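Q: Right, I'll just put the structure down here and ask away after.
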Ligand code: ADP
């Protein structure tokens, strides 16, 4: 049913295109004739030709506009009828332009091609019918010409009856064979094409349903991750609370050795909670459940706050953090989330940096956008890995611990703000993570708060 509708739409489109093409031809011929009339040439026969095309094309147009929903068989019938009109018009043209010597007989071939590829979406026998029509018309013309039944429009045609007979039989043989050979070739190719087309359509359908399935699996995965993280978080905070209670000696005395063990357990629980939080956030980002609480904020101040927060960690590796922060750049954004982006990028810049390395944090004005970056002198990322690192769970070429979630959360947050993030990196030389954020409100750089 669906297939049929597509076919109907397709044939209707082609039917309409044919109408436009005929209008164009009529227009062009009209211009040529006006010129000919201006030069005082006899174009009476040509005007009949023009009137014939204009008349049946108008009829085709009226039929096209008359009814919106044609059945498939009606459209096919109409296409066939108007194709026969086209064949007649071409024959007429050949007749008035010198019959046997007319240069326009190749237009029959054009019609065979049109009927093979143009009119129907799928291959059909119409090519042979058109070839048959064309051959019959053409041969009929030759015969009428020979029998002297129709007036001659080529006064310069001066063949002896003997020459004419040879010429006619040659032409007859040639055109009949050529038409049918041509029709067979077109038929074969259009059949091949439509088979390929059908195959492609089937493959497309298969791909679409596979995609649907994958989407469903992806949704289930997100749901599972979200529920599991949620469920795991509650017992985990209980465990952490109890560890703290024991550690602080509230439920009895604890030895120094026990304290050490408890502290390490607490750290592990903290790490686990952080991973769960990241998983939960990522699943929220992917399911578009992540709320943003927009405020007008000075991004440089936010960057400074993040640097201040992370500095102890940088100091552990003797890493220097330099800044190039442009002041007073106000943007409408969720401060907690952008703070998080800075923290993730700074944390990575420390994690994947060498001892005594350097980090450069920048914030600069770009008109309606603000450009921020975190660059480091660390291990860098191989060129082939760059396109993958923003995907969840992707970790590349390093032994440092991590989950591969940080950058995908960053990208999610930046994109939620309508921004973009990218990385420039060179292996063993360092990386620069750059993100741009829209300021949000035009010409409004004075914060109320
Ligand atoms: P994680 O750091 O937990 O592995 P991320 O999503 O933050 O996860 O990073 C993904 C991967 O990108 C990292 O495993 C690392 O290979 C690479 N990467 C991220 N930041 C940097 C950086 N500043 N320098 C070099 N590689 C980095």
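Numbering (our numbering), first residue to last: 21 to 469.
From the three backbone atoms N, C-alpha and C, an ideal C-beta is built for every residue, glycine too.
Since we're looking at a predicted model, the values are computed, not measured.
(1) Excluding five sequence neighbours on each side, which residues of the same chain lie with their C-beta closer than 7 Å to the C-beta of residue 279?
(2) Apart from the five residues on each side of it in sequence, which residues of its chain come closer than 6 Å, Cβ to Cβ, to residue 117?
(3) Do residue 329 and residue 363 have their C-beta atoms within less than 8 Å of each other?
(4) What is the residue span of the beta strand (DSSP E) that residue 389 lies within?
(5) What number of angstroms, rounded off, separates the C-alpha of residue 350 from the C-alpha of residue 318?
(6) Does the segment 219 to 228 come close enough to the segment 183 to 193 that 3 or more CB-CB pairs lie under 8 Å?
(7) Using CA atoms only, rank isn't needed, just tell me which of 195, 160 and 331 is closest to residue 340.
(8) Determine, using beta carbons only, whether residue 409 and residue 420 come nearer to each other than 8 Å.
(9) According to DSSP, is residue 447 helix, strand or coil?
(10) Reducing DSSP to helix, strand and coil, say where residue 402 ends up.
(11) How should residue 247 be labelled, buried or exposed, when 16 other C-beta atoms within 10 angstroms of its C-beta is the threshold for buried?
(12) To which residues does DSSP link residue 343 through a beta bridge?
(13) Of all residues in the structure, which have a C-beta closer than 7 Å to any heavy atom of ligand 1, taken in chain order?
(14) What separation, rounded to the nearest whole angstrom, lies between the Cα atoms of residue 112 and residue 68?
(15) Would you check if the distance between the CB atom of residue 263 and the CB atom of residue 240 is smaller than 8 Å?
(16) When the Cα atoms are used, what is the spatial distance from residue 198 to residue 147?
(17) Which runs of the beta strand (DSSP E) fall wholly inside the segment 189 to 246 and span at least 3 residues, in chain order?
(18) Decide if residue 398 is buried, meaning its Cβ has at least 16 other Cβ atoms within 10 Å, or exposed.
(19) Roughly how many whole angstroms lie between the Cα atoms of residue 260 and residue 224?
(20) State the DSSP-derived secondary structure class of residue 337, mapped to helix, strand or coil.
(21) Ignoring anything shorter than 4 residues or poking outside the segment 49 to 87, list the alpha helix (DSSP H) runs there in chain order.
(22) On the CB-based measure, 16 or more other CB atoms within 10 Å of its CB, does residue 208 come out buried or exposed?
(23) Taking buried to mean at least 16 other C-beta atoms within 10 Å of its own C-beta, is residue 24 buried or exposed?
(24) Quick one: using the 10 Å Cβ neighbour count with 16 as the cut-off for buried, is residue 222 buried or exposed?
(25) Could you check what DSSP says for residue 463 in three-state terms: helix, strand or coil?
(26) Output the distance between the C-alpha atoms of residue 338 and residue 371, rounded to the nearest integer angstrom.
(27) Who are the near neighbours of residue 466 in its chain, counting only those whose CB is closer than 8 Å to its CB and skipping five residues on each side?
(28) Write down the C-beta distance between residue 151 and residue 202 rounded to the nearest angstrom, noting that I regard them as a contact closer than 8 Å.
(29) Which of the three DSSP states, helix, strand or coil, is assigned to residue 21?
(30) Can you name the start and end residues of the beta strand (DSSP E) that residue 316 belongs to?
(31) Secondary structure at residue 468, three-state DSSP: helix, strand or coil?
(32) Looking only at DSSP bridge pairs, what is residue 453 linked to?
(33) Go ahead and pull the three-state DSSP assignment for residue 351.
(34) Between the Cα of residue 377 and the Cα atoms of 383, 366 and 384, which residue gives the shortest distance?
(35) Can you tell me the Cα-Cα spacing of residue 211 and residue 312, whole angstroms?
(36) Within a Cβ cutoff of 6 Å, which residues of the same chain sit near residue 426, ignoring the five residues on either side of it in sequence?
A: So, from the data block:
(1) Working through the chain shown from its first residue, we reach residue 279 at position 259. Within the same chain, residue 279 has close Cβ partners 267.
(2) As a working note, residue 117 is residue 97 in the chain shown. These residues qualify, in order along the chain: 124.
(3) Locating residue 329 in the chain shown gives position 309, counting from the first residue. Locating residue 363 in the chain shown gives position 343, counting from the first residue. Their beta carbons are under 8 Å apart, which means residue 329 touches residue 363 by this criterion.
(4) Residue numbering aside, residue 389 sits at position 369 when the chain shown is read from its first letter. Note, residue 389: beta strand (DSSP E), 389 to 396.
(5) In the chain shown, counting from the first residue as 1, residue 350 sits at position 330. In the chain shown, counting from the first residue as 1, residue 318 sits at position 298. Rounded to whole angstroms, residue 350 and residue 318 show a C-alpha spacing of 5 Å.
(6) no
(7) For this step, residue 340 is matched to residue 320 along the chain shown. Per the Cα distances, 331.
(8) Reading the chain shown from its first residue, position 389 is the one you call residue 409. Reading the chain shown from its first residue, position 400 is the one you call residue 420. Contact flag unset, no.
(9) Sequence index remark: in the chain shown, residue 447 carries index 427 (1-based). The answer is coil: DSSP assigns residue 447 none of H, G, I, E or B.
(10) As a working mapping, residue 402 is identified with position 382 in the chain shown. The answer is coil: DSSP assigns residue 402 none of H, G, I, E or B.
(11) Here residue 247 is taken as the residue at index 227 of the chain shown, counted from 1. Exposed: under 16 other Cβ atoms inside 10 Å.
(12) Here residue 343 refers to the residue found at position 323 of the chain shown. Per DSSP, 381.
(13) Those residues whose C-beta sits under 7 Å from the nearest heavy atom of ligand 1 are, from N- to C-terminal order along the chain, 364, 368, 369, 371, 372, 396, 398, 399, 400, 401, 409, 414, 415, 416, 417, 418, 422, 423, 424, 425, 426, 427, 428, 445, 451 and 453.
(14) One-based indexing of the chain shown puts residue 112 at position 92. One-based indexing of the chain shown puts residue 68 at position 48. C-alpha separation (whole angstroms): 9 Å.
(15) Against the chain shown, residue 263 aligns to sequence position 243. Against the chain shown, residue 240 aligns to sequence position 220. No, Cβ-Cβ distance for residue 263 and residue 240 is not below 8 Å.
(16) By one-based count along the chain shown, residue 198 stands at place 178. By one-based count along the chain shown, residue 147 stands at place 127. Using only the alpha carbons, I get a separation of about 13 Å.
(17) Within the segment 189 to 246, no complete beta strand (DSSP E) run reaches 3 residues.
(18) Walking along the chain shown from the start, residue 398 turns up at place 378. Answer is buried; the Cβ neighbour count reaches 16.
(19) Position 240 of the chain shown, counted from the first residue, corresponds to residue 260. Position 204 of the chain shown, counted from the first residue, corresponds to residue 224. The straight-line gap from Cα to Cα measures roughly 52 Å.
(20) Position 317 of the chain shown, counted from the first residue, corresponds to residue 337. In the displayed model, residue 337 falls within coil according to three-state DSSP, outside both helix and strand.
(21) 64 to 86
(22) Here residue 208 refers to the residue found at position 188 of the chain shown. Exposed, because fewer than 16 other Cβ atoms sit within 10 Å of the Cβ of residue 208.
(23) One-based indexing of the chain shown puts residue 24 at position 4. Counting Cβ neighbours within 10 Å, residue 24 comes out exposed, since fewer than 16 surround it.
(24) Locating residue 222 in the chain shown gives position 202, where the first residue counts as 1. Under this definition residue 222 is an exposed residue.
(25) Here residue 463 corresponds to residue number 443 of the chain shown, with the count starting at 1. In this prediction, residue 463 scores a pLDDT of 42, lower than 50, which makes its location untrustworthy; the coordinate-derived value is nonetheless stated afterwards. In the structure shown, the three-state DSSP call for residue 463 is coil.
(26) Residue numbering aside, residue 338 sits at position 318 when the chain shown is read from its first letter. Residue numbering aside, residue 371 sits at position 351 when the chain shown is read from its first letter. Going from the Cα of residue 338 to the Cα of residue 371 covers about 12 Å.
(27) Taking the chain shown and counting its residues from 1, the one referred to as residue 466 is at position 446. A caution first: residue 466 carries a pLDDT of 39, below 50, which makes its placement in the model unreliable, though a value can still be read off. So the list reads 350, once near-sequence residues are dropped.
(28) Here residue 151 is taken as the residue at index 131 of the chain shown, counted from 1. Here residue 202 is taken as the residue at index 182 of the chain shown, counted from 1. With a Cβ gap of about 7 Å, residue 151 and residue 202 count as contacting.
(29) Reading the chain shown from its first residue, position 1 is the one you call residue 21. Because the pLDDT at residue 21 is just 47, under 50, the model does not fix this residue reliably, and the value given afterwards should be weighed accordingly. Three-state DSSP puts residue 21 in coil, outside helix and strand.
(30) On the chain shown, position 296 is the one that residue 316 refers to. First-last of the beta strand (DSSP E) with residue 316: 315 to 318.
(31) Here residue 468 refers to the residue found at position 448 when the chain shown is read from its first residue. In this prediction, residue 468 has a pLDDT of 37, which is less than 50 and means its spatial position is unreliable; nothing more can be read from the coordinates.
(32) Here residue 453 is taken as the residue at index 433 of the chain shown, counted from 1. Note: residue 453 sits in a beta bridge opposite 394 and 443.
(33) Here residue 351 corresponds to residue number 331 of the chain shown, with the count starting at 1. Of the three classes helix, strand and coil, the one that applies to residue 351 here is strand, per DSSP.
(34) Here residue 377 refers to the residue found at position 357 when the chain shown is read from its first residue. The shortest Cα separation from residue 377 among 383, 366 and 384 belongs to 366.
(35) In the chain shown, counting from the first residue as 1, residue 211 sits at position 191. In the chain shown, counting from the first residue as 1, residue 312 sits at position 292. Cα to Cα, the separation comes out at about 56 Å.
(36) Your numbering for residue 426 matches position 406 in the chain shown. Contacts found: 364.
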